[in-house]
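K.L.:
First residue of the sequence shown? That's 845 in the numbering used here, and the numbers climb one at a time after it. Backbone N, C-alpha and C define an ideal beta-carbon position, used for all residues, glycine too. Following this message is one structure expressed as C-alpha coordinates.
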Amino acid sequence: MQPQPREITADYRRRAGILTWSAIVLGALMAVALVVSVVFLVRADQDTRNAAYGYLALVLWVGIAAGIPVLLALAIPAARMRRRVREQGR
845 MQPQPREITA
855 DYRRRAGILT
865 WSAIVLGALM
875 AVALVVSVVF
885 LVRADQDTRN
895 AAYGYLALVL
905 WVGIAAGIPV
915 LLALAIPAAR
925 MRRRVREQGR
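Here is the structure:
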(Lines of atoms letter the chains of each structure in order from A; the text may use other names.)
(Lines give C-alpha, C1' and ligand atoms only; values in the text may rest on other atoms or scores of the structure.)
Protein backbone atom coordinates (compact mmCIF):
# COMPACT_ATOMS: atom_id res chain seq x y z
CA MET A 845 0.00 0.00 0.00
CA GLN A 846 1.45 3.35 -1.09
CA PRO A 847 1.48 6.18 1.46
CA GLN A 848 -0.73 9.08 0.46
CA PRO A 849 1.21 12.26 -0.32
CA ARG A 850 0.52 15.09 2.06
CA GLU A 851 -1.49 18.09 0.94
CA ILE A 852 0.40 21.03 -0.52
CA THR A 853 -0.13 23.97 1.82
CA ALA A 854 0.35 27.68 1.21
CA ASP A 855 3.42 27.54 3.44
CA TYR A 856 4.90 24.79 1.25
CA ARG A 857 4.29 26.89 -1.87
CA ARG A 858 5.86 29.92 -0.19
CA ARG A 859 8.94 27.93 0.82
CA ALA A 860 9.27 26.58 -2.70
CA GLY A 861 9.19 30.15 -4.03
CA ILE A 862 11.74 31.33 -1.47
CA LEU A 863 14.11 28.48 -2.34
CA THR A 864 13.67 29.13 -6.06
CA TRP A 865 14.35 32.85 -5.80
CA SER A 866 17.29 32.26 -3.45
CA ALA A 867 18.84 29.93 -6.01
CA ILE A 868 18.24 32.45 -8.80
CA VAL A 869 19.80 35.30 -6.82
CA LEU A 870 22.80 33.20 -5.79
CA GLY A 871 23.31 32.04 -9.38
CA ALA A 872 23.17 35.64 -10.60
CA LEU A 873 25.69 36.73 -7.97
CA MET A 874 28.01 33.92 -8.98
CA ALA A 875 27.72 34.92 -12.65
CA VAL A 876 28.54 38.54 -11.78
CA ALA A 877 31.50 37.37 -9.68
CA LEU A 878 32.78 35.35 -12.64
CA VAL A 879 32.60 38.35 -14.97
CA VAL A 880 34.24 40.63 -12.39
CA SER A 881 37.03 38.10 -11.85
CA VAL A 882 37.76 38.07 -15.60
CA VAL A 883 37.87 41.87 -15.58
CA PHE A 884 40.27 41.75 -12.62
CA LEU A 885 42.51 39.30 -14.48
CA VAL A 886 42.59 41.54 -17.55
CA ARG A 887 43.53 44.55 -15.41
CA ALA A 888 46.21 42.54 -13.60
CA ASP A 889 47.64 41.36 -16.91
CA GLN A 890 47.82 44.87 -18.39
CA ASP A 891 50.16 46.30 -15.78
CA THR A 892 52.34 44.66 -13.15
CA ARG A 893 51.45 47.41 -10.66
CA ASN A 894 47.88 46.04 -10.73
CA ALA A 895 48.88 42.51 -9.71
CA ALA A 896 46.59 42.66 -6.69
CA TYR A 897 43.64 42.38 -9.05
CA GLY A 898 44.80 38.87 -9.91
CA TYR A 899 44.60 37.92 -6.26
CA LEU A 900 41.14 39.43 -6.02
CA ALA A 901 40.12 37.29 -8.99
CA LEU A 902 41.40 34.22 -7.15
CA VAL A 903 39.40 35.20 -4.07
CA LEU A 904 36.28 35.49 -6.24
CA TRP A 905 36.94 32.06 -7.74
CA VAL A 906 37.22 30.58 -4.23
CA GLY A 907 33.91 32.24 -3.39
CA ILE A 908 32.32 30.81 -6.54
CA ALA A 909 33.67 27.34 -5.73
CA ALA A 910 32.31 27.61 -2.18
CA GLY A 911 28.96 28.81 -3.51
CA ILE A 912 28.41 25.88 -5.86
CA PRO A 913 27.36 23.41 -3.12
CA VAL A 914 25.09 26.07 -1.61
CA LEU A 915 23.53 26.70 -5.01
CA LEU A 916 22.92 22.98 -5.46
CA ALA A 917 21.50 22.73 -1.94
CA LEU A 918 19.00 25.45 -2.85
CA ALA A 919 18.21 24.56 -6.45
CA ILE A 920 17.62 20.81 -6.17
CA PRO A 921 14.98 20.95 -3.39
CA ALA A 922 13.41 24.01 -5.02
CA ALA A 923 13.01 22.15 -8.31
CA ARG A 924 11.52 19.11 -6.59
CA MET A 925 9.15 21.23 -4.53
CA ARG A 926 7.99 23.26 -7.52
CA ARG A 927 7.44 20.08 -9.54
CA ARG A 928 5.34 18.66 -6.72
CA VAL A 929 3.30 21.88 -6.54
CA ARG A 930 2.83 21.83 -10.32
CA GLU A 931 1.75 18.17 -10.31
CA GLN A 932 -0.76 18.78 -7.52
CA GLY A 933 -2.26 21.63 -9.54
CA ARG A 934 -3.17 19.24 -12.35
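1. How would you write the range of the alpha helix (DSSP H) that residue 895 sits in, first residue to last?
2. With a 10 Å radius around its C-beta and 16 neighbouring C-beta atoms as the bar for buried, classify residue 910 as buried or exposed.
3. If you drop the 5 nearest sequence neighbours on each side, which residues of the same chain put their C-beta closer than 6 Å to that of residue 932?
4. Nearest to residue 901 by alpha carbon, out of 876, 919, 865 and 912?
5. Using C-beta distances below 6 Å, list every residue in its chain close to residue 895, excluding the 5 sequence neighbours before and after it, in chain order.
6. Rounded to the nearest angstrom, what separates residue 928 and residue 869 at their Cα positions?
P.N.:
Short version:
1. Counting along the chain, residue 895 falls outside any alpha helix (DSSP H), and DSSP gives it neither H nor E.
2. exposed
3. 852
4. 876
5. 888
6. 22 Å
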